[in-house]
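Chemist: Chain order of the listed sequences is S and Y. Last residue of the first sequence: 405 in this note's numbering, with the numbers rising by one and none dropped. Last residue of the second sequence: 245 in this note's numbering, with the numbers rising by one and none dropped. C-beta atoms are modelled at their ideal positions from N, C-alpha and C, and glycine is treated no differently.
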Amino acid sequence: MTLRGQGLLQCAACQLVMRAAPADELRCPRCGTPVAQRVRGSLGTTSALLIAALALYVPSNTLPIMATRSGFETRNDTILTGIVELWHSGSWPLALIVFLASVLIPLLKLGVLGYLVLSVKFRLKHEAAARTRLYRLIEAVGRWSMLDVFVVGLLAALVQLGPAAEVQAGPGVVAFGAVVWLTLWATRSFDPRLIWDEADD
Amino acid sequence: MSLVPEPGALAGCPVCDALNRVPSTARQPRCWRCAEPLAPPLPAASHVLTARLQAVTALLCVAWVCLIAAQLFPLVALELQGQHNAVSLGSAVAALWGEGRLPLAAALAVTLVVAPLGEAAAMVVALIGLQARQRRLREGAMQPMASPRWLIASLHVWQALRHWNLTEVLILAAGISLVKLGQVATLVIGPALVALMAFMALRLAALRMLPPEHAWPLVGLRTA
Chain S
205 MTLRGQGLLQ
215 CAACQLVMRA
225 APADELRCPR
235 CGTPVAQRVR
245 GSLGTTSALL
255 IAALALYVPS
265 NTLPIMATRS
275 GFETRNDTIL
285 TGIVELWHSG
295 SWPLALIVFL
305 ASVLIPLLKL
315 GVLGYLVLSV
325 KFRLKHEAAA
335 RTRLYRLIEA
345 VGRWSMLDVF
355 VVGLLAALVQ
365 LGPAAEVQAG
375 PGVVAFGAVV
385 WLTLWATRSF
395 DPRLIWDEAD
405 D
Chain Y
22 MSLVPEPGAL
32 AGCPVCDALN
42 RVPSTARQPR
52 CWRCAEPLAP
62 PLPAASHVLT
72 ARLQAVTALL
82 CVAWVCLIAA
92 QLFPLVALEL
102 QGQHNAVSLG
112 SAVAALWGEG
122 RLPLAAALAV
132 TLVVAPLGEA
142 AAMVVALIGL
152 QARQRRLREG
162 AMQPMASPRW
172 LIASLHVWQA
182 LRHWNLTEVL
192 ILAAGISLVK
202 LGQVATLVIG
212 PALVALMAFM
222 ALRLAALRML
232 PPEHAWPLVG
242 LRTA
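Rendered as structure tokens:
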């Protein structure tokens, strides 16, 4: 049995279950949030944010995220060369962590959200439980993608020793941060109940 | 037309829309269809609930001490050829702002300063309100009564800021920064990083005992 099947509504903020009569404006009697059967325009919002994130994905990987100068040497690192450098400096467990956070998780979020949006759009009926698990996965791990943004932020603020050593943030970190933020927002705007609606009908 | 709340034993799954009947004895109920954790029923004995709220308050007080230390003291320090530089969270944001990295400075300020402080403040206000309400209910006053607006607002703020508090990601980022600079210079861990770790653990413990979704049923209806 589902809430929708029973003509019930649930508040998105405080999860109060209510029986509603049709009206123009409904507000939760407990927390005052506007109540709707499903998040309004969920698919459209998620798709728009996803497309914006996809557009920024290319510059976020090709532009340098960090410029390191020590002495007369200057090196520009993108996300990938940063990981390779970390691998060569002998700390492969950390290189693996950065690879997971900066490469795998953003790709996973883009891929899973794209799949979820399409599966709802094309009214896929089966595997609802598996799709819900995918949604929970990207919701849980998404925040860790901010890792590289914080590393660049910390180093750029800290390493300001004039001619001896200096770290500058590159344009890539802004693009990458925007991808992370857009995908986090896209994940939160997606209403997972849509996954189950088709199977329920 | 208005909305009529259903009896408390009925719970909706926020993920898959399944209707659940939560038994009053369930300790950690889950949705029958998608296994999403649901808000547990309120303890029948009010002293259990009071003790729970007091425990969360105690955790929160210690967490605040750690949070203030984490904001004020240096996070990491750098030593190279006799030169020395240290940054705290606030001075890191200020330094990035000064270098003209405005989006980066804003991202750090929101996720590491505004969200943690705002969330922790909202939790304090929410716990004060919930405990006051609990005390009045225990004294047998007014069974159904509306909660003050500030209590409702504090729960909304808590829920909204929870996802933007990324302090645990910063701790890992500081570790990676240590290794990245390892060959070039010596990086020293500052007291704020240790305080931040303690804050993270205390906050997670508090959220485990009382997530905001579980706090809402303790709030009365406005239009009862």
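Closest to Val371(S) by C-alpha separation, out of Leu117(Y), Leu148(Y), Arg243(Y) and Trp85(Y), would be which residue?
Modeler: In the first sequence, counting from the first residue as 1, residue 371(S) sits at position 167. Among Leu117(Y), Leu148(Y), Arg243(Y) and Trp85(Y), the Cα nearest to that of Val371(S) is on Leu117(Y).
Chemist: So, at 6 Å on beta carbons, what are the nonlocal neighbours of Ala227(Y) in its own chain, with the 5 sequence-adjacent residues on each side left out?
Modeler: Start at 1 with the first residue of the second sequence, and residue 227(Y) comes out as number 206. Cβ within range, chain order: Val77, Leu80 and Leu81.
Chemist: Report buried or exposed for Lys201(Y), applying the criterion of at least 16 other Cβ atoms within 10 angstroms of its Cβ.
Modeler: Position 180 of the second sequence, counting from 1, holds the residue named residue 201(Y). That one is buried.
Chemist: Alpha carbon to alpha carbon, what distance is there between His105(Y) and Ala39(Y)?
Modeler: The count along the second sequence starts at 1 and reaches residue 39(Y) at position 18. The count along the second sequence starts at 1 and reaches residue 105(Y) at position 84. If I take the Cα positions, the gap works out to 59 Å.
Chemist: In this structure, what does DSSP give as the bridge partners for Glu370(S)?
Modeler: In the first sequence, the residue the question calls residue 370(S) occupies position 166. In the DSSP output, where bridge partners are listed per residue, Glu370(S) has Arg273(S) and Gln364(S).
Chemist: What does the alpha-carbon distance come out to for the pair Thr272(S) and Asn280(S)?
Modeler: The count along the first sequence starts at 1 and reaches residue 272(S) at position 68. The count along the first sequence starts at 1 and reaches residue 280(S) at position 76. The straight-line gap from Cα to Cα measures roughly 6 Å.
Chemist: Of all the CB atoms in chain Y, is at least one closer than 9 Å to the CB of Pro233(S)?
Modeler: In the first sequence, counting from the first residue as 1, residue 233(S) sits at position 29. So, interface residue.
Chemist: Name, in chain order, the residues that DSSP records as bridge partners for Pro233(S).
Modeler: Position 29 of the first sequence, counted from the first residue, corresponds to residue 233(S). According to DSSP, which records beta bridges pairwise, Pro233(S) is partnered with nothing at all.
Chemist: Taking 9 Å as the cut-off, decide whether the C-beta atoms of Leu63(Y) and Ala141(Y) are in contact.
Modeler: As a working mapping, residue 63(Y) is identified with position 42 in the second sequence. As a working mapping, residue 141(Y) is identified with position 120 in the second sequence. Not in contact: Leu63(Y) and Ala141(Y) (Cβ atoms no closer than 9 Å).
Chemist: Secondary structure at Thr71(Y), three-state DSSP: helix, strand or coil?
Modeler: Residue mapping note: residue 71(Y) aligns to position 50 of the second sequence, counting from 1. Helix, per DSSP.
Chemist: According to a CB-to-CB cut-off of less than 7 Å, which residues of the region 366 to 384 of chain S neighbour chain Y?
Modeler: Within the region 366 to 384 of chain S, the residues whose Cβ lies closer than 7 Å to some Cβ of chain Y are Ala368, Ala369, Ala373, Val377, Val378 and Gly381, listed in chain order.
Chemist: Buried or exposed for Ala373(S), please, with buried defined as at least 16 other CB atoms from any protein chain shown within 10 angstroms of its CB.
Modeler: On the first sequence, residue 373(S) is found 169 positions in, with the first residue counted as 1. Ala373(S) is buried by the Cβ-count criterion.
Chemist: Beta-carbon of Pro62(Y) versus every beta-carbon of chain S: anything under 9 Å?
Modeler: By 1-based counting over the second sequence, the position of residue 62(Y) is 41. Answer no: the Cβ-Cβ gap between Pro62(Y) and chain S never drops below 9 Å.
Chemist: I need the DSSP call for Gln214(S), collapsed to helix, strand or coil.
Modeler: The sequence position of residue 214(S) within the first sequence is 10, counting from 1. Correct three-state label for Gln214(S): strand.
Chemist: CA-CA distance, Arg340(S) and Leu148(Y)?
Modeler: Residue mapping note: residue 340(S) aligns to position 136 of the first sequence, counting from 1. Residue mapping note: residue 148(Y) aligns to position 127 of the second sequence, counting from 1. If I take the Cα positions, the gap works out to 29 Å.
Chemist: Assuming His105(Y) is part of the beta strand (DSSP E), what are its boundary residues?
Modeler: In the second sequence, counting from the first residue as 1, residue 105(Y) sits at position 84. Looking at the DSSP string, the run of the beta strand (DSSP E) that includes His105(Y) is Gln104 to Val108.
Chemist: For Leu176(Y), which of Arg224(Y), Gly111(Y) and Pro238(Y) has the nearest alpha-carbon?
Modeler: Locating residue 176(Y) in the second sequence gives position 155, where the first residue counts as 1. Minimum Cα distance to Leu176(Y) is reached at Pro238(Y).
Chemist: How many whole angstroms separate the CB atoms of Gln214(S) and Gly33(Y), which I take to be in contact at a CB cut-off of 8 Å?
Modeler: Residue numbering aside, residue 214(S) sits at position 10 when the first sequence is read from its first letter. Residue numbering aside, residue 33(Y) sits at position 12 when the second sequence is read from its first letter. Yes, they are in contact, since the Cβ atoms of Gln214(S) and Gly33(Y) sit about 4 Å apart, within 8 Å.
Chemist: Would a check of beta-carbon distances place Glu234(Y) closer than 9 Å to chain S?
Modeler: As a working mapping, residue 234(Y) is identified with position 213 in the second sequence. Glu234(Y) counts as touching chain S.
Chemist: Are any of the Cβ atoms in chain Y nearer than 9 Å to that of Ser323(S)?
Modeler: Taking the first sequence and counting its residues from 1, the one referred to as residue 323(S) is at position 119. No, Ser323(S) does not count as interfacial toward chain Y.
Chemist: Apart from the five residues on each side of it in sequence, which residues of its chain come closer than 6 Å, Cβ to Cβ, to Met222(S)?
Modeler: For this step, residue 222(S) is matched to residue 18 along the first sequence. So the list reads Leu213, once near-sequence residues are dropped.
Chemist: Would you identify the three-state DSSP class for Pro238(S), choosing helix, strand or coil?
Modeler: Along the first sequence, one-based indexing puts residue 238(S) at 34. Note: Pro238(S) maps to strand in three-state DSSP.
Chemist: For Arg208(S), which of helix, strand or coil comes out of DSSP?
Modeler: Start at 1 with the first residue of the first sequence, and residue 208(S) comes out as number 4. If DSSP states are grouped into helix, strand and coil, Arg208(S) belongs with coil.
Chemist: So what does Asp281(S) bridge to, in DSSP terms?
Modeler: What you label residue 281(S) is simply residue 77 of the first sequence in a count that begins at 1. In DSSP, Asp281(S) forms a bridge with Met270(S).
Chemist: At least one CB of chain Y closer than 9 Å to the CB of Arg340(S): is that the case?
Modeler: Locating residue 340(S) in the first sequence gives position 136, counting from the first residue. Output row for Arg340(S): interface = yes.
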